[in-house]
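Enquirer: The structure is given below, and queries will be raised subsequently.
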Amino acid sequence: MRKRNALAAMALVAMVGMPFGNAGAFDESKYPNWKGQWMRADTGTPRYDPTKPSGRGQQAPLKPEFQAFLEASLAEQRTGGQGGDPTYTCLSPGMPRIMNNYEGAEFVITPDTTHILMEHIHDSRRIYTDGRPWPAFIEPTFAGYSLGTWIDEGGTGRYNVLEIESRGFKGPRSYDNTGLPLHPDNQSVFKERIYQDKADPNILVVEITTIDNALTRPWTATKKYRRVQNPRPVWRESVCAENNAHVEIGGQGYMLSADGVLMPAKKDQAPPNLRYFTPAQN
Amino acid sequence: MLTRIAIHAVAIAAMLCAAPSGAFAFDPATYPNLKGQWIGVRGTAGGGQPSFDPVKRWGTTQDAPLTPEYEAMFKANLEDQRAGGQGTNATSTCLAPGMPMVMNAHSPMEIIVLPETTYIRVDHIRDTRRRIYTDGRDWPSEIEPTFDGYSIGKWIDTDGDGRYDLLEVETRAFKGPRSYDASGLPLHRDNKSVFKERIYLDKANPNLLHDDITVIDNGLTRPWTVMKTYRRNANPRPIWVEYICAEGQQLVRIGNENYMLSGDGLLMPTRKGQTPPDLRYFSRK
Chain A
21 MRKRNALAAM
31 ALVAMVGMPF
41 GNAGAFDESK
51 YPNWKGQWMR
61 ADTGTPRYDP
71 TKPSGRGQQA
81 PLKPEFQAFL
91 EASLAEQRTG
101 GQGGDPTYTC
111 LSPGMPRIMN
121 NYEGAEFVIT
131 PDTTHILMEH
141 IHDSRRIYTD
151 GRPWPAFIEP
161 TFAGYSLGTW
171 IDEGGTGRYN
181 VLEIESRGFK
191 GPRSYDNTGL
201 PLHPDNQSVF
211 KERIYQDKAD
221 PNILVVEITT
231 IDNALTRPWT
241 ATKKYRRVQN
251 PRPVWRESVC
261 AENNAHVEIG
271 GQGYMLSADG
281 VLMPAKKDQA
291 PPNLRYFTPA
301 QN
Chain B
603 MLTRIAIHAV
613 AIAAMLCAAP
623 SGAFAFDPAT
633 YPNLKGQWIG
643 VRGTAGGGQP
653 SFDPVKRWGT
663 TQDAPLTPEY
673 EAMFKANLED
683 QRAGGQGTNA
693 TSTCLAPGMP
703 MVMNAHSPME
713 IIVLPETTYI
723 RVDHIRDTRR
733 RIYTDGRDWP
743 SEIEPTFDGY
753 SIGKWIDTDG
763 DGRYDLLEVE
773 TRAFKGPRSY
783 DASGLPLHRD
793 NKSVFKERIY
803 LDKANPNLLH
813 DDITVIDNGL
823 TRPWTVMKTY
833 RRNANPRPIW
843 VEYICAEGQQ
853 LVRIGNENYM
863 LSGDGLLMPT
873 RKGQTPPDLR
883 YFSRK
């Protein structure tokens with residue numbers, strides 16, 4: 021796959037052959053002021069639809085097969101396991117969970133790309149707004165490949181909506197920590213509209229529509245982020261592997277005690293197989 | 603410390619009571635063109651993984667001016683690695699590389715220049731996004747330590763042509779453990795390192811970027827300066843590979859020991875004669 025990427029890149033260079041332009045003023049006044057640090061406005065467990073409780077309460081339009089997966093995930097979590105939540109070993113949450121905005125977001129707007137910098141496990145995104153078409157081949161990623169268009173709704177002379185479409189995923193991904201699943205075929209498509217609340221410019225609205233083969237219909241949720249009223253906010257550094265007490269061995273999740281000793285995560289969980297140690301311990 | 607920071611943040615907010623401003627024309631022509639994807643250039647003497655001084659091989663040939671204590675720690679680390687361990691290479695368990703290892707550019711680097719902040723994105727182990735503040739701020743009275751540190755920068759027009767051509771950066775306030783590269787070459791555990799960087803385009807070739815990094819660290823007998831060079835990918839729409847350390851991670855750290863996972867997911871020793879993990883908390887054996 022990497023080789024195909026390299027070939028695609030070489031072909032693109034030969035085809036485009038364009039330099040890196042730096043000329044021309046970037047008139048920030050044409051773009052909305054999304055500077056600063058944005059925290060999610062909702063409370064409780066970060067979730068896809070913040071207006072509803074997490075897990076079953078999300079009322080996701082899942083197909084029966086995936087509703088059963090969610091039920092099994094919740095049952096497993098009740099016994100101490102991780103169920104269908106893939107991020108406990110520090111896998112990237114990917115889309116759309118990234119936009120749950122766990123620990124603060126920054127929007128870095130340039131004419132060619134809007135960077136959404138998220139302080140969580142591995143969550144930052146690039147939204148290309150340079151008018152490019154979809155590439156013939158996209159290396160799948162957890163964050164996906166995103167094309168955006170700035171819109172001046174109302175003809176104010178200033179962009180006020182960023183429309184985004186994201187494709188090209190890998191998995192496993194879930195909507196939140198309950199394990200609410202996306203389809204493992206990773207054919208999800210996300211359409212987003214991001215804009216400031218007309219009444220309060222310190223509220224950012226993120227409308228996300230998920231089109232996924234685990235759903236019976238497209239599923240739309242509206243998220244709100246609130247801007248921190250500190251022009252020089254503190255950006256925490258979230259390093260998932262630091263002090264992560266979860267360990268996965270042979271597909272089983274275990275815990276580490278405070279003194280670093282392996283522990284079961286569930287009642288009566290069998291210890292890991294130690295057959296490769298000499299003398300055999302298990 | 604977080605509570606103190608929260609109080610601090612509230613105090614700053616009350617003091618400034620200002621929303622982030624957004625409207626003014628930013629003329630990129632005033633700044634050097636750092637757009638695109640930058641790939642670390644390794645010297646011809648290289649080999650192995652990217653090293654701090656890119657013109658020298660990683661390991662003992664870096665000739666780092668380590669204090670005797672840290673030289674001994676480094677040698678013990680190399681011994682451990684020869685035996686199958688990871689020594690003082692903290693990134694083996696997906697910990698953030700932090701400074702200065704992040705600037706080794708294991709993965710391609712992007713630099714985003716805006717008037718108030720220059721961002722450096724490197725997707726290796728962590729999706730690192732260094733924020734270099736160029737808004738004229740002073741050092742905060744208290745800084746939450748991080749692997750990447752807190753960076754203040756200043757754009758300079760060295761030849762008076764009306765265009766900035768040099769970014770000077772100072773970075774402080776770290777946490778650890780950190781090493782210069784995957785050989786485990788250690789920084790001092792007191793995390794009082796200071797980095798001074800000069801970032802500029804090559805005068806003869808604008809597709810080469812240099813970063814002169816000087817490390818001031820209590821694990822060194824004197825400041826240590828190296829020049830890193832990055833080459834701009836000629837593709838204006840490069841592919842940005844996503845690097846998820848936890849994906850396919852074969853190393854598992856339990857207590858102070860590193861183990862490997864076999865192809866079938868079973869725990870294996872990394873060293874000859876390594877004892878298995880303590881299973882005292884399991885009732886089923």
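The listed protein sequences derive, respectively, from chains A and B.
Quick note on numbering: the working numbering labels position 124 of the first sequence as 144, and the sequence is numbered without any gaps.
Quick note on numbering: the working numbering labels position 71 of the second sequence as 673, and the sequence is numbered without any gaps.
Heads up, the beta-carbon is just placed ideally off N, CA and C, and yes, glycines get one too.
For clarity, every value in this text was computed on a predicted model and none was experimentally measured.
(1) From the DSSP output, in three-state form, read off Thr662(B) for me.
(2) Would you say Pro113(A) reaches chain B, if we count a Cβ-Cβ gap shorter than 8 Å as a contact?
(3) Going by DSSP in three states, Lys830(B) sits in which element: helix, strand or coil?
(4) What are the boundary residues of the alpha helix (DSSP H) that includes Asp682(B)?
(5) Starting from the beta carbon of Ala163(A), find every residue of chain B whose beta carbon is closer than 8 Å, and list them in chain order.
(6) Please tell me whether Arg839(B) and Ile641(B) are closer than 8 Å, where the distance is taken between their beta carbons.
(7) So, is the C-beta of Ile841(B) closer than 8 Å to a C-beta in chain A?
(8) Is the region 199-212 of chain A touching the region 232-250 of chain A, taking contact as three or more C-beta pairs under 8 Å?
(9) Locate the alpha helix (DSSP H) running through Pro238(A), then write down its first and last residues.
(10) Considering only DSSP beta bridges, list what Arg800(B) is partnered with.
(11) Mind checking if Gly857(B) is an interface residue toward chain A, Cβ cutoff 8 Å exclusive?
(12) Kindly indicate which residue of Leu697(B), Asn691(B), Pro717(B) has the alpha-carbon position closest to the one of Phe46(A).
(13) Output yes if chain A places a C-beta closer than 8 Å to the C-beta of Gly867(B); else output no.
(14) For Thr720(B), which beta-bridge partners are listed by DSSP?
(15) Do Lys190(A) and Asn180(A) have their beta-carbon atoms positioned less than 8 Å apart in this structure?
(16) What would DSSP say about Cys619(B), mapped onto helix, strand or coil?
(17) I want to know whether the region 155-167 of chain A touches the region 76-87 of chain A - three or more CB-CB distances under 8 Å.
(18) Could you tell me whether the Cβ atoms of Thr107(A) and Ile158(A) are closer together than 8 Å?
(19) Could you tell me whether the Cβ atoms of Asn706(B) and Pro652(B) are closer together than 8 Å?
(20) In angstroms with no decimal places, state the Cα-to-Cα distance between Lys305(A) and Arg882(B).
(21) Out of Arg193(A), Gly103(A), Ile171(A), Glu173(A), which one is the CA nearest neighbour of Asp143(A)?
(22) So Gly101(A) packs on Gly273(A), CB below 8 Å; how close in whole Å?
(23) Let me see if you follow: with CB-CB separation under 8 Å, is Asp814(B) close to chain A or not?
(24) Using 8 Å for Cβ pairs, my map puts Lys218(A) next to Met119(A). What's the rounded Cβ distance?
(25) Run down chain B in chain order and give the residues with a C-beta less than 8 Å from the C-beta of Trp255(A).
(26) For Pro702(B) and Thr816(B), what's the separation of their Cα atoms in angstroms?
(27) Could you check the C-alpha separation between Pro131(A) and Arg732(B) for me, to the nearest Å?
(28) Relative to the C-alpha of Gly638(B), which residue among Pro878(B), Pro808(B), Pro699(B), His708(B) is closest?
(29) The alpha helix (DSSP H) spanning Gln216(A) covers which residue range?
(30) Helix, strand or coil: how does DSSP classify Leu787(B) here?
(31) Does Tyr296(A) get closer than 8 Å to chain B when you measure Cβ to Cβ?
(32) Between the Cα of Phe776(B) and the Cα atoms of Thr748(B), Gly764(B), Ala784(B), which residue gives the shortest distance?
(33) Could you tell me how far apart the beta carbons of Glu772(B) and Ile801(B) are, in whole angstroms, since I believe they sit closer than 8 Å?
(34) Assign Leu869(B) to one of two classes, buried (16 or more other C-beta atoms within 10 Å of its C-beta) or exposed (fewer than that).
(35) Below 8 Å between beta carbons: does that hold for Arg349(A) and Tyr245(A)?
(36) For my contact list, Tyr296(A) and Pro871(B) are in at a C-beta cut-off of 8 Å; report their separation, rounded to the angstrom.
Expert: Concretely, from the data shown:
(1) Helix, per DSSP.
(2) Any Cβ of chain B closer than 8 Å to the Cβ of Pro113(A) would place that residue at the interface, and such an atom is absent.
(3) Looking at Lys830(B) - three-state DSSP - the assignment turns out to be strand.
(4) 670-684 is the span of the alpha helix (DSSP H), which, as asked, contains Asp682(B).
(5) What Ala163(A) touches in chain B: Glu844.
(6) Cβ distance not < 8 Å, so Arg839(B) and Ile641(B) don't count as in contact.
(7) Yes, because at least one Cβ of chain A sits closer than 8 Å to the Cβ of Ile841(B).
(8) Judged by Cβ distances under 8 Å, the region 199-212 of chain A makes contact with the region 232-250 of chain A, as three or more pairs qualify.
(9) Per DSSP, Pro238(A) belongs to no alpha helix (DSSP H) and is neither H nor E.
(10) Partner residues in the beta bridge of Arg800(B), as assigned by DSSP, are Glu770(B), Asp814(B).
(11) True, the Cβ-Cβ gap to chain A drops below 8 Å.
(12) With distances taken between Cα atoms, Phe46(A) lies closest to Pro717(B).
(13) Gly867(B) has a beta carbon lying within less than 8 Å of a beta carbon in chain A.
(14) Answer is Val715(B), Ile734(B), bridged to Thr720(B).
(15) Using a Cβ distance threshold of 8 Å, Asn180(A) and Lys190(A) do not count as a contacting pair.
(16) Because Cys619(B) carries a pLDDT of 39, less than 50, the predicted location of this residue cannot be relied on, and no value is offered for it.
(17) Flag = no, the region 155-167 of chain A and the region 76-87 of chain A do not touch.
(18) Ile158(A) is positioned such that its CB atom lies no closer than 8 Å to that of Thr107(A).
(19) Yes.
(20) Nothing can be reported for residue 305(A): it is not among the residues displayed for chain A, which extend from 21 to 302.
(21) When each option's Cα is compared against that of Asp143(A), the closest is Arg193(A).
(22) Right, their Cβ atoms sit about 6 Å apart.
(23) Taking Cβ atoms only, chain A never reaches closer than 8 Å to Asp814(B), which makes this a no.
(24) Actually they are not in contact, since the Cβ atoms of Lys218(A) and Met119(A) sit about 21 Å apart, beyond 8 Å.
(25) Correct list: Arg733.
(26) CA-CA distance, Pro702(B) to Thr816(B), rounds to 10 Å.
(27) Using only the alpha carbons, I get a separation of about 21 Å.
(28) Closest by alpha carbon: Pro808(B).
(29) It is not in any alpha helix (DSSP H) - Gln216(A) instead sits in the beta strand (DSSP E) that spans 209-216.
(30) The DSSP-derived three-state label of Leu787(B) is coil.
(31) By this cut-off, Tyr296(A) is an interface position.
(32) It is Thr748(B) whose Cα lies nearest to the Cα of Phe776(B).
(33) The Cβ separation is near 12 Å, so there is no contact.
(34) By the C-beta density criterion, Leu869(B) is buried, having at least 16 other C-beta atoms within 10 angstroms.
(35) Since the first and last residues shown for chain A are 21 and 302, residue 349(A) lies out of range.
(36) That pair is a contact at about 7 Å.
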